[in-house]
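A short worksheet on the structure shown next.
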Amino acid sequence: MDHLVIAPIVIPLLVGALLMLIDERRRALKATLGVASASALLALAVLLLYLTDHTATGADATVRVYRLGDWPSLFGIVLVLDRLSAMMLVLTGILGLSALVFALARWQKAGAHFHSLFQFQLMGLNGAFLTGDLFNLFVFFEIMLAASYGLALHGSGLARVRAGLHYIAINLAASLLFLIGVSMIYGVSGTLNMAELAVRIAGVAPEDRGLLEAGAAILGVAFLIKAGMWPLGFWLPNTYTTVGAPSAAIISILSKVGIYAIIRIWLLVFGDSAGTSAGFGGHWLLIGGVLTIAFGSIAVLATQNLARLAGGSVLVSSGTLLAAVGAGQVAVTGGALFYMTSSVLAIAGLFLLIELVERGRMVGADVLAVTREAFGEGEDEESDDDDAIGVSIPAIMAILGIAFMACALLLAGLPPLSGFLAKFAILAPMLAQGAEGLPFTTWALMAALILSGLATVVAMSRTGIDVFWASPAGDLPRVRLVELGPVMMLLALCVALTVQAGPVMRYMEDTARSLHGPERYVQGVMTTAAPGTGKGVAP
């Protein structure tokens, strides 16, 4: 059972390599192997989450440590499984299976080696969530990004290639900053193991502390570029607009990888035991998060393009998470983790849904919508059908419209779905402090959360009316069950989060407590493994 910790990395690695050897014309075989791998990863992630959550209670859940080659943690590669990494593995598994099944209808045929790229993408994501040291975090980041480059360009097209090359250039620059930051931290501390770094940081000499914090700041900029924080996330909406729907759905979690890295490193290394560096950069996370929410809300309001609207929603989601984590409260962090889960599922479902909705619209429908809104053309025109009472609504458009409305409720944070519960879980601990003791930044965060929800309601209502009601009639989209199923599954999971909000929120609060009190994590990694086992479990 202990070897299950490395399985989320090994399975997609082996399957992706095997798929490279299979001829592209044998699509049925490649699709079968890919779906089997994604299904196994999801089942494995759920099992790991269950094992992590049920071995202990509260913040004392078992931290499983896997030491590759049985090298001591100070010298070798370690993989660490705790509540946070287990939760991210489950989210990756859900998005991976949903996007891959959706791609079977058409997108797997749009270019070469789609299934191999997809498996390597899953490998990089899982490795980033499991690794326990900064250097291998960089390695898995690069695997993840290299696969995402191929997925972003999958299907060719001038707009896709142009946006994809911008995406590659920006992420290469971020990777360079990543290496510079890691090198500076290693030069001062002498280690890249995150748990050992948490132990050593309090003892860093005063004359070296500035260099250490500068390295951490550069590393943070690299993570924030990937997370899409303003002004570093200007590239994100345009990239997500052009990539294929299944690629956008799985790539959308890449922004959360940057946020995961910030949560992990900031709370572990710069926690209360970090001496004079405790809480380093937290204030900037809060400010940057609020500004990102504002920028994302403006982006959502400024467009009538569905894909750009989804890209703006990614920015709002990232800003909300950064600001909530920067607030530095355990209860707020718990609410932020709940919000992350809900928003990841909702945004991925929206990207897949957009593909189905746009399939039935006329070419240039967005331009016509802007023209009608600006000049009122077509509003007073009469037709021979004015006397008709009611219009029959085809079943597929009704289903897509209901799914769109559910996405709107989730992203805007309106009741009764999980988006509302997540935002309430973030706001409630802040309001519990009393109005008199709240700093201005906290008031700004609460205002940003409320106004971003209003902006999302306005934008998605306007777009929904245009798409499902006022647009010129086009052909009904031909939707296959293999495409509609993943969208319905993602939305059903959001409904399940709503129904089971109590147990889910309990898990998130326990996770937040363990993140803000990382002694268990440090103890699990630093404890010497039994000889010859290659793995370890915190006592």
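Quick note on my numbering: the sequence shown kicks off at 2 and runs consecutively. Heads up, the beta-carbon is just placed ideally off N, CA and C, and yes, glycines get one too.
For residue i, does the count of other Cβ atoms within 10 angstroms reach 16, so buried, or fall short, so exposed?
{"i": "residue 462", "result": "exposed"}
{"i": "residue 451", "result": "exposed"}
{"i": "residue 379", "result": "The predicted position of residue 379 is uncertain, since its pLDDT is 47 and thus under 50; no value can be drawn from it."}
{"i": "residue 409", "result": "buried"}
{"i": "residue 110", "result": "exposed"}
{"i": "residue 391", "result": "With a pLDDT of 39 at residue 391, under the threshold of 50, the predicted position of this residue should be treated as unreliable, though the coordinate-derived value follows. So residue 391 counts as exposed."}
{"i": "residue 133", "result": "buried"}
{"i": "residue 191", "result": "exposed"}
{"i": "residue 369", "result": "A caution first: residue 369 carries a pLDDT of 45, below 50, which makes its placement in the model unreliable, though a value can still be read off. Residue 369 is buried by the Cβ-count criterion."}
{"i": "residue 208", "result": "exposed"}
{"i": "residue 467", "result": "buried"}
{"i": "residue 501", "result": "exposed"}
{"i": "residue 381", "result": "Bear in mind that a pLDDT of 44 at residue 381, under 50, signals an unreliable position, so the number given afterwards is only what the model happens to contain. Burial call: exposed."}
{"i": "residue 403", "result": "exposed"}
{"i": "residue 277", "result": "exposed"}
{"i": "residue 483", "result": "exposed"}
{"i": "residue 440", "result": "exposed"}
{"i": "residue 247", "result": "buried"}
{"i": "residue 26", "result": "exposed"}
{"i": "residue 522", "result": "buried"}
{"i": "residue 511", "result": "buried"}
{"i": "residue 488", "result": "buried"}
{"i": "residue 37", "result": "exposed"}
{"i": "residue 29", "result": "exposed"}
{"i": "residue 189", "result": "buried"}
Straight-line CA distance for residue i to residue j?
{"i": "residue 425", "j": "residue 324", "result": "15 angstroms"}
{"i": "residue 244", "j": "residue 200", "result": "43 angstroms"}
{"i": "residue 525", "j": "residue 79", "result": "11 angstroms"}
{"i": "residue 17", "j": "residue 89", "result": "21 angstroms"}
{"i": "residue 494", "j": "residue 212", "result": "45 angstroms"}
{"i": "residue 193", "j": "residue 187", "result": "6 angstroms"}
{"i": "residue 169", "j": "residue 433", "result": "44 angstroms"}
{"i": "residue 103", "j": "residue 35", "result": "12 angstroms"}
{"i": "residue 39", "j": "residue 95", "result": "9 angstroms"}
{"i": "residue 31", "j": "residue 527", "result": "42 angstroms"}
{"i": "residue 54", "j": "residue 63", "result": "8 angstroms"}
{"i": "residue 400", "j": "residue 156", "result": "28 angstroms"}
{"i": "residue 108", "j": "residue 308", "result": "17 angstroms"}
{"i": "residue 97", "j": "residue 291", "result": "30 angstroms"}
{"i": "residue 180", "j": "residue 396", "result": "53 angstroms"}
{"i": "residue 66", "j": "residue 227", "result": "27 angstroms"}
{"i": "residue 261", "j": "residue 407", "result": "26 angstroms"}
{"i": "residue 271", "j": "residue 198", "result": "10 angstroms"}
{"i": "residue 480", "j": "residue 469", "result": "16 angstroms"}
{"i": "residue 224", "j": "residue 21", "result": "31 angstroms"}
{"i": "residue 539", "j": "residue 518", "result": "Unreliable positioning characterises residue 539 in this predicted model, as indicated by a pLDDT of 46, which lies under 50. The coordinate reading is nonetheless provided below. Using only the alpha carbons, I get a separation of about 15 angstroms."}
{"i": "residue 496", "j": "residue 74", "result": "41 angstroms"}
{"i": "residue 455", "j": "residue 12", "result": "43 angstroms"}
{"i": "residue 415", "j": "residue 430", "result": "19 angstroms"}
Report the residue from the options whose alpha carbon sits nearest the alpha carbon of residue i.
{"i": "residue 267", "options": "218, 121 and 289", "result": "218"}
{"i": "residue 196", "options": "295, 269 and 447", "result": "269"}
{"i": "residue 485", "options": "358, 448, 517 and 439", "result": "358"}
{"i": "residue 253", "options": "86, 456, 29 and 99", "result": "99"}
{"i": "residue 82", "options": "105, 355, 4 and 186", "result": "4"}
{"i": "residue 459", "options": "260, 241, 432 and 304", "result": "304"}
{"i": "residue 159", "options": "148, 251, 107 and 242", "result": "242"}
{"i": "residue 221", "options": "25, 454, 329 and 258", "result": "258"}
{"i": "residue 256", "options": "317, 67 and 86", "result": "317"}
{"i": "residue 182", "options": "492, 139, 275 and 205", "result": "139"}
{"i": "residue 148", "options": "405, 249, 481 and 312", "result": "249"}
{"i": "residue 144", "options": "470, 176 and 273", "result": "176"}
{"i": "residue 413", "options": "185, 453, 352 and 331", "result": "453"}
{"i": "residue 520", "options": "73, 490, 273 and 416", "result": "273"}
{"i": "residue 8", "options": "24, 23 and 69", "result": "69"}
Assuming residue i and residue j make a contact with CB atoms under 8 angstroms, what is their CB distance in whole Å?
{"i": "residue 123", "j": "residue 42", "result": "6 angstroms"}
{"i": "residue 118", "j": "residue 151", "result": "4 angstroms"}
{"i": "residue 6", "j": "residue 85", "result": "Going by Cβ atoms, the distance from residue 6 to residue 85 rounds to 14 angstroms, so no, they are not a contact pair."}
{"i": "residue 498", "j": "residue 343", "result": "6 angstroms"}
{"i": "residue 185", "j": "residue 206", "result": "With 8 angstroms as the limit, residue 185 and residue 206 do not qualify as a contact, their Cβ atoms being about 15 angstroms apart."}
{"i": "residue 351", "j": "residue 300", "result": "Actually they do not touch by this definition, with Cβ atoms about 15 angstroms apart."}
{"i": "residue 327", "j": "residue 284", "result": "7 angstroms"}
{"i": "residue 288", "j": "residue 443", "result": "Not confirmed; about 11 angstroms, so no contact."}
{"i": "residue 92", "j": "residue 345", "result": "5 angstroms"}
How about the region 155-175 and the region 39-59: do they share at least three Cβ pairs that are nearer than 8 angstroms? Contact fails: fewer than three Cβ-Cβ distances are below 8 angstroms.
The region 112-126 contacting the region 61-78, beta-carbon criterion three pairs below 8 angstroms: Taking 8 angstroms as the limit for Cβ pairs, the verdict is that the region 61-78 does not touch the region 112-126.
Does the region 413-432 come close enough to the region 328-346 that 3 or more CB-CB pairs lie under 8 angstroms? With contact defined as three or more Cβ pairs closer than 8 angstroms, the region 328-346 and the region 413-432 are in contact.
How about the region 294-308 and the region 230-243: do they share at least three Cβ pairs that are nearer than 8 angstroms? Three or more Cβ pairs closer than 8 angstroms define a contact, and the region 294-308 meets that threshold against the region 230-243.
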